[in-house]
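Single-structure report; data block below.
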Amino acid sequence: MTIFLILAAILGASALLIGSLGAHLWQDLLTDPDTLGRFHRAENYLFYHALGLAVVAQLVERFPAQKFQSVGWCLAVGVIIFSGSLLVYSVTGFQPIIKITPLGGSLLILGWILLGIRSWQMYRWHRNR
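Take the sequence shown: its position 77, counting from 1, is numbered 77 in the UniProt record's numbering, and each next residue is one higher.
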C-alpha cells in the first residue's frame, strides 16, 4: 500500500465531512451565492481529486519504476492547498488565504499533465518491447 491510497481515503472522507458540515453546521455562513459556490467548488475538487489519487496509488503500486509518485504528490498537495484555501475563505472570510489558491490549482494541473506524460511514456515503452 502506498501513502497515496491513505491520503486518498483521508481526502475522500474529508470531502464528505466538509459537505455535511456545510449543509448542517455552516449553513448560516454560506448564504451568499458566491461563497456557497466557492464552498461547493472546493468540496467537489477535494472529492474528485481523492478519487484520482486513489487511481494514482494503484499506478504507483503496479508500476514503481514509472515515476507516478510525482503525479501523486502534485495531486495531493495541490488539492489540499486549492480546496483548503477556498474552504477557509468560504467559512471564515479570511481573504489573504485566497492568494495561495492558484498555487494549488497549478499543482493540480501539473499533476494531470504528468499523469498523461508518464502514461504515454509507459505506453511507448510497452509498445516497443
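Even for Gly, the Cβ is constructed at its ideal location relative to N, Cα and C.
For residue i, the three-state DSSP class (helix, strand or coil)
{"i": "GLN95", "result": "helix"}
{"i": "TRP26", "result": "coil"}
{"i": "ARG129", "result": "coil"}
{"i": "THR31", "result": "coil"}
{"i": "PHE39", "result": "helix"}
{"i": "THR101", "result": "helix"}
Residue i to residue j span [Cα, whole Å]
{"i": "PHE39", "j": "GLY105", "result": "15 Å"}
{"i": "VAL77", "j": "LEU36", "result": "23 Å"}
{"i": "LEU108", "j": "GLY52", "result": "11 Å"}
{"i": "ALA15", "j": "LEU115", "result": "23 Å"}
{"i": "ASP32", "j": "GLY12", "result": "26 Å"}
{"i": "ILE80", "j": "TYR123", "result": "30 Å"}
{"i": "SER83", "j": "HIS126", "result": "36 Å"}
{"i": "LEU87", "j": "ILE3", "result": "24 Å"}
{"i": "TRP120", "j": "TYR48", "result": "22 Å"}
{"i": "ASN128", "j": "CYS74", "result": "29 Å"}
{"i": "SER20", "j": "ILE10", "result": "15 Å"}
Cβ neighbour criterion (16 or more within 10 Å) applied to residue i
{"i": "GLU43", "result": "buried"}
{"i": "THR101", "result": "buried"}
{"i": "ALA23", "result": "exposed"}
{"i": "PHE94", "result": "exposed"}
{"i": "ARG62", "result": "exposed"}
{"i": "LEU59", "result": "buried"}
{"i": "SER85", "result": "buried"}
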